[in-house]
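J.: The opening residue of the sequence shown carries number 1 in the UniProt record's numbering; numbering runs sequentially from there.
This is the structure I want to talk about, given as structure tokens.
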Amino acid sequence: MSRHERPDAGRAVEQNVEAAVADAAAREQGGPEPVDTAPDRIDPPGAGPFEAVLFDFSGTLFRFTERDEWFEGVTDDAGEPLHITAQAEIIRRMTAPTGEPVAFTDEERQAWEQRDLDPAQHRRAYLAVLRGSGITDPHAEKLYELIRTPSAWQPYPDTAQVLRELAARGIKVGVVSNIAFDLREVFALYGLDDLVASWSLSYEVGATKPRARIFRHALDALDVATDATLMVGDSAEADGGAMALGCAFGEVEPLPIEQRPDGLVRILTAAAIL
1 MSRHERPDAG RAVEQNVEAA VADAAAREQG GPEPVDTAPD RIDPPGAGPF
51 EAVLFDFSGT LFRFTERDEW FEGVTDDAGE PLHITAQAEI IRRMTAPTGE
101 PVAFTDEERQ AWEQRDLDPA QHRRAYLAVL RGSGITDPHA EKLYELIRTP
151 SAWQPYPDTA QVLRELAARG IKVGVVSNIA FDLREVFALY GLDDLVASWS
201 LSYEVGATKP RARIFRHALD ALDVATDATL MVGDSAEADG GAMALGCAFG
251 EVEPLPIEQR PDGLVRILTA AAIL
């Protein structure tokens, strides 16, 4: 479920967590909500026409949406209920991590590095993250299983519209994700699985973004040329890796679903697809 890996990833984790905590605190105090600041453009400018669109999953088509009741009865290692800011930090560590979000043992670190390639390592790694965040068993097991639950993922407001419109226009669609469980069940829950022609999931392909292999898998499955393909995702580092093969790239913000009503429509309009 990692979005990217890079040398300064440790600081990126801190920044992501700080942002999550700040957002949660702002909501609690009635402060301003985050806004969509992603530019409505593709890189390189003027690319196209396009015959296919590849989409990232988390933060692009769907977003993990926690519910308050998930943390009912969950306590930290001191036996205290988790504050909303602590909840936000844990969710961020579980759904948008980079680097090492907690201190790992050597065995846990190996699992973390392989988490999107092996479901067993994914489980081992994220249970270590939860325990390292102060969550005790069996609460850690409960929270981990929720992340793998299809109903925990909600589509962005324009996801269904975009996928159906692309199908109507004869534009091929592929999903490319760093993930260690089967996303098809999430799409099926919302009746959207038939609108995706290819699935390039890291644990099935044996490679993670931004490596060329996972993008090549998607391109070969769709039988489409690189210069006729647009990759849409929320990470320039990971999803933008498709540009190394000759694909175009459009970035969206991984905001809460209520704060990004039309991000997909806007980027595909900028690409002259819609």
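Yeah, the Cβ is synthetic: ideal placement off N, Cα and C, and Gly gets one too.
Output the boundary residues of the beta strand (DSSP E) element that contains MET231.
T.: Residues 229–233.
J.: Terminal residues of the continuous alpha helix (DSSP H) containing ARG63?
T.: First-last for ARG63: 62–64, but that is the beta strand (DSSP E), not the alpha helix (DSSP H).
J.: Please report the distance separating the alpha-carbon of LEU166 from that of VAL173.
T.: Roughly 8 Å between the two C-alpha positions.
J.: Apply the 10 Å Cβ neighbour rule to THR105 and answer buried if 16 or more other Cβ atoms are within range, or exposed otherwise.
T.: With fewer than 16 Cβ atoms within 10 Å of its Cβ, THR105 is classed as exposed.
J.: Identify, in the order they occur along the chain, each residue of the same chain with its Cβ nearer than 7 Å to the Cβ of GLN154, setting aside the five sequence neighbours on each side.
T.: Answer for GLN154: PHE62, ARG63, THR65 and ILE257, listed in chain order.
J.: Starting from ALA219, follow the beta strand (DSSP E) in both directions and report where the run begins and ends.
T.: In the sequence as presented, Ala is not what sits at residue 219; that position holds Leu. Taken as a continuous stretch (DSSP letters only), LEU219 belongs to no beta strand (DSSP E), being part of the alpha helix (DSSP H) at 212–222.
J.: Can you tell me which of PRO101, LEU130 and PHE249 puts its alpha carbon nearest to the alpha carbon of VAL74?
T.: Measuring from the Cα of VAL74, the nearest candidate turns out to be LEU130.
J.: For ILE42, which residues does DSSP report across the bridge?
T.: Paired residue(s): GLY250.
J.: In or out: ARG260 buried (at least 16 other Cβ within 10 Å) or exposed?
T.: Buried.
J.: With DSSP collapsed to three states, give me the class of GLN154.
T.: Three-state DSSP puts GLN154 in a strand.
J.: So, at 6 Å on beta carbons, what are the nonlocal neighbours of ARG184 in its own chain, with the 5 sequence-adjacent residues on each side left out?
T.: Correct list, in chain order: ASP193.
J.: Only counting runs of 4 or more residues, tell me where the alpha helix (DSSP H) segments fall wholly within the segment 74–107, in order along the chain.
T.: Correct list: 84–95.
J.: Could you check what DSSP says for ALA225 in three-state terms: helix, strand or coil?
T.: Note: ALA225 maps to coil in three-state DSSP.
J.: Between the C-alpha atoms of PRO157 and ILE214, what's the straight-line distance to the nearest angstrom?
T.: Rounded to whole angstroms, PRO157 to ILE214 spans 27 Å at the Cα level.
J.: Spell out a yes or no on whether the segment 241–258 and the segment 224–232 are touching, meaning 3 or more CB-CB pairs, one atom from each, closer than 8 Å.
T.: They touch, by the three-pair rule.
J.: Tell me the rounded alpha-carbon separation between LEU274 and VAL162.
T.: The straight-line gap from Cα to Cα measures roughly 9 Å.
J.: Between HIS217 and VAL205, which are expected to be in contact by the criterion C-beta below 8 Å, what is the C-beta distance as a whole number of angstroms?
T.: Right, the Cβ-Cβ distance comes to about 5 Å (below 8 Å), so this counts as a contact.
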